[in-house]
Every structure is written in structure tokens, then in C-alpha cells.
Amino acid sequence: QVQLVESGGGLVQAGGSLRLSCAASGRTFSTYSMAWFRQAPGKQRALVARITSGGGSTDYADSVQGRFTISRDNAKNTLFLQMSSLKPDDTAVYYCAGGSNWNLFTYWGQGTQVTVSS
């Protein structure tokens, strides 16, 4: 069982940066693939980025490629999402998620709001 708690969201102007963190409880964080998803008002939850358990492989949605970077610190049980060149379209609730492989995410955080003003 893994519990996930996101932090770092907030209000930022377009072109700005934010760094999201996801703190995981439990001793099995390093065995899970992890991901960031987001859900904008009126839209379905969508994958933003994902990373393998050891951090050796990452994958990004086309809309954030080159602007966002996913990373993890297994020693500190923490997942990160560095977001740069933010756009109003990036406004959403951001969720971290974990699972046994990066196509199936079983554990979810409660979400953190990111608002990008134009």
C-alpha cells in the first residue's frame, strides 16, 4: 500500500515555472512506476508524464514535451514534476499516481491545483 501526497501547486503567470512534489509513504516506492496526470475543468484526466521505477525511462504527453521534466528520488520517496514555460492551457488539478507498471496506476494522490494566468 502506498499513500501519495502532492504539493507545490499554485497560481503562476504564463511563461513561469512551478515544481510539483509527491511524497510517498511506505517502503515500496522504489518498486513502482510513477506518473503525473492532470484534469482540467470539463475534461477527462490525462497523462502528463511517467517514469519507471528506477528512473531510467520517461515518457511525456506531446503537449508538455520539452517544457516539463519528471524525476524521482527513491531515497526520499519523492516524485517531482518541474514545469517551465507554463501556458494557460496547463491549468488543471495535477495528480501523482503509482503502479506496478507504467500502464496501470493503482495508487493516486488527492491532487494539487495549478492555475496559469495569461
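First residue of the sequence shown? That's 11 in our numbering, and the numbers climb one at a time after it. The beta carbon of each residue, even a glycine, is placed where N, CA and C say it ideally should be. Here the structure is a predicted model, which means the values were calculated and not measured.
Tell me the DSSP bridge mates of residue i?
{"i": "R82", "result": "L89"}
{"i": "T125", "result": "L21"}
{"i": "G108", "result": "M44, Y117"}
{"i": "L14", "result": "A34"}
Under the three-state reduction of DSSP, which class applies to residue i: helix, strand or coil?
{"i": "F39", "result": "helix"}
{"i": "D72", "result": "coil"}
Tell me which same chain residues have a C-beta within less than 7 angstroms of the C-beta of residue i, skipping the five on either side of it?
{"i": "S128", "result": "A24, P98"}
{"i": "R12", "result": "Looking at the sequence provided, one finds Val at residue 12 rather than Arg. Within the same chain, V12 has close Cβ partners A34, S35, G36, T38, F39, Y42, G108, Y117."}
{"i": "N84", "result": "F39, S40"}
So is residue i buried or exposed if we call it buried at 16+ other beta carbons inside 10 Å?
{"i": "G131", "result": "Outside the shown range of the chain (11 to 128) lies residue 131, about which nothing can therefore be said."}
{"i": "T122", "result": "buried"}
{"i": "G64", "result": "exposed"}
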